[in-house]
Structures are given as structure tokens and as C-alpha cells.
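Undergrad:
Numbering (this note's numbering), first residue to last: 2 to 220.
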């Protein structure tokens, strides 16, 4: 058994700007895992709803969900504030979650080494993942991080506005009826509030190496 042909899955969850996307990219690059950010799926549908001036029409959602592919999820417009707000709203709808669940399940089947990051991954999408990680970060630090991202496209945005938006999103994610954000049994908590990027990288690399060794031994 070599690192090239192992079969290993990682489910990553956490609130907005908690570091889960950055952490997922670090693991993906270091261990050559295929990565899917599930939040991009909801952002894509929100973007298409806004662009086509559609309501949350189930037929429209279904048709758009079938057209999703990884290149389309790289569209920078998916990160604007309007799309972010709408994606949080549509994420509460069961039929939308079910449509996107199909894409995520197919992604898992197609790849031997896979990471999916989001908010309901360990609880709903990958309950049998080899490794489950939950990212957490203080609201103050999260707002500062997100401000840097939004400043690239909106120079006028304020820290207070982002802080309020993140607080509402986290509350919504944890309390929604469909697939709430949960810290599941067996998950490893990674608090990034005081971690530098290098510290987080080393922590994640050690964690993944340890879990792969548990499953396959020294390879």
C-alpha cells in the first residue's frame, strides 16, 4: 500500500471564516486530496437565482443543480455579499439541500482521496468519513479575516457590517431545521483563533498523517 492508492475521506465542518476552507486547501495540497467546498454549491445556485431574477422555484433549482461542475464554482462573483446572504437563506430549504447532496455523493464516489468542507458534512454527507474535523474561531477574529477578503471587491464595506453578518449566519447555521451545523461525536476540534497560518498547517498535517497511519500503518 502506497500513499498513491490509499482510500481516505475527510469531512470538515465549521462556521463562516473559521479557517475550514484554508485548512482544507492545505490538506488537499499536501496530501493530493480532491477538494470540494460545499458552500460554493449553494453560492452557485444563489448566484443563478439573482442573475436570472428567479424565485426559489424548485424546477429551476433542479435544472441548475444538474449543470454544476467544478470550473463553474471558481467564479469570483460567487463571493459577493448579495450572493452570500441569499446562499444562507436557500441553505435552509430541504429540496435544495437534497439536490446538492447528489452532487456531493457523486464527488465522493469518483475520488479515492477526498475532502468535502462545509456545515453538514460529517453529520449528513460523510457520516462514515475516516477523519472528521470541526473548525472554530472567535467572532472578532473571523470578522477581521473576512474583511480582508471583501475589501478586494468592496472598498467601502465596514467591519461592523461583516461582524453582524457572520453572527447572524452562525446563528442560522446552528439553529436551522434542515442539517444544522453540529459538532459530531468523534470529530477533532481545531480552534484557529490564535493560530498562525504555519501553526495551523503543521497541526493539520500532523493530524492527517496520524489518522492515515492508524488506518494503513506506516506507508
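C-beta: ideal position from N, C-alpha, C; glycine also.
Contact between the stretch 75-88 and the stretch 136-154: three or more CB pairs below 8 Å?
TA: yes
Undergrad: Among residues of its own chain, excluding the 5 on either side of residue 148, which ones have a beta-carbon nearer than 6 Å to its beta-carbon?
TA: 160, 163
Undergrad: Would you identify the three-state DSSP class for residue 38, choosing helix, strand or coil?
TA: strand
Undergrad: Could you compute how far the alpha carbon of residue 134 sits from the alpha carbon of residue 36?
TA: 14 Å
Undergrad: Is there contact between the stretch 40-53 and the stretch 85-104, where contact requires at least three CB pairs shorter than 8 Å?
TA: yes
Undergrad: Would you report the Cα separation of residue 2 and residue 141, rounded to the nearest angstrom?
TA: In this predicted model, residue 2 has a pLDDT of only 43, less than 50, meaning its place in the structure is not dependable enough to derive any value.
Undergrad: Go through its chain and collect everything with a Cβ distance to residue 184's Cβ below 6 Å, but skip five positions before and after it.
TA: 135
Undergrad: Going by DSSP in three states, residue 64 sits in which element: helix, strand or coil?
TA: helix
Undergrad: My assumption, with CB atoms under 8 Å, is that residue 10 sits in contact with residue 130. Please give the rounded CB distance.
TA: Yes, residue 10 and residue 130 are in contact; Cβ-Cβ is about 5 Å, under 8 Å.
Undergrad: Using a Cβ distance threshold of 8 Å, determine whether the stretch 102-109 contacts the stretch 188-197, with at least three qualifying pairs required.
TA: no
Undergrad: Let's test the definition: count the other Cβ atoms within 10 Å of the Cβ of residue 65 and tell me whether it reaches 16, buried, or not, exposed.
TA: By the 16-neighbour rule on beta-carbons within 10 angstroms, residue 65 is buried.
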